[in-house]
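I have placed the structure first, in the form of structure tokens, so that the comments after it can refer back to it.
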Amino acid sequence: SQTIHQWPATLVQPVGSPLSLECTVEGTSNPNLYWYRQAAGRGLQLLFYSVGIGQISSEVPQNLSASRPQDRQFILSSKKLLLSDSGFYLCAWSRMAGSYNEQFFGPGTRLTVL
Amino acid sequence: RKEVEQDPGPFNVPEGATVAFNCTYSNSASQSFFWYRQDCRKEPKLLMSVYSSGNEDGRFTAQLNRASQYISLLIRDSKLSDSATYLCVVKGTGGFKTIFGAGTRLFVKA
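So the protein lines, in turn, are chains E and X.
Position 113, counted from 1, in the first sequence is what the working numbering calls 113; the numbers after and before it change by one each time, with no gaps.
Position 98, counted from 1, in the second sequence is what the working numbering calls 1098; the numbers after and before it change by one each time, with no gaps.
Structure, rendered in structure tokens:
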């Protein structure tokens, strides 16, 4: 079966500090990978998605970036965090093919920027 | 108009009640539809996909109305454990653009 891991689970960072969140998927190959952010009391916002190693598409302009150095590894980064970067960051995966390729989420990272 | 709209609730219902949620979407070219459940401070989990002919999974029934561009979720015989936020999800063409509704909160009380 497939599993998706994220770490860390929680993070408190000062404004202006760098960020690196990691996501790995097990039990599948060539997955589509996604990064979402959920602000308190709000819906999920798609930040990035990737269809393969080194292939990243950004949905919204921001001070965040993503990388996919390996097939089942997806990293979210920032050089300088803003207060508005606080939120619940979720990584998800889906199968490559098919329109009904449901997304499955990792446990998330709760980021607080102070 | 938001791409996916849900009544935020909260819906407060007694155990055993039947409750229905609706969700409307704006893009008529949308192809795939889902309901997710999210518990407080947890990740969303897939509840069920929504197919054109409607589908049922135990106490849960999902329906799609393409002409009116809405999907619905019906929960019968509500349990305390059904208390959660229910997210409506719509996927457009191309397979990647996935829009999540803001969610409907459900509280089931004894």
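Note that beta-carbon positions come from the ideal geometry of N, C-alpha and C, so glycine has one too.
Please read all numbers here as calculations on a predicted model, not as lab measurements.
- Contact between the stretch 1008–1015 of chain X and the stretch 26–34 of chain E is absent, with fewer than three C-beta pairs closer than 8 Å.
- The DSSP-derived three-state label of S1081/X is helix.
- DSSP places E22/E inside the beta strand (DSSP E), whose first and last residues are 19–26.
- For chain X, none of the residues of the stretch 3–29 of chain E brings a beta carbon within less than 7 Å of one of its beta carbons.
- Residue nearest to T1104/X within the set A1029/X, D1077/X, R1037/X is R1037/X (criterion: CA-CA distance).
- Among the CB atoms of chain X, one or more fall inside 8 Å of the CB of R42/E.
- Between K1079/X and K1109/X, the alpha-carbon positions lie close to 8 Å from each other.
- A straight-line Cα-Cα distance of about 15 Å links G41/E and C1088/X.
- Rounded to whole angstroms, N63/E and Y34/E show a C-alpha spacing of 17 Å.
- CA-to-CA, the gap between M96/E and V1019/X works out to about 35 Å.
- Under the Cβ criterion (8 Å, minimum of three pairs), the stretch 78–98 of chain E counts as touching the stretch 3–20 of chain E.
- For Y34/E, the beta-bridge partners assigned by DSSP are Y49/E, A92/E.
- For P107/E, at least one C-beta of chain X is nearer than 8 Å to its own C-beta.
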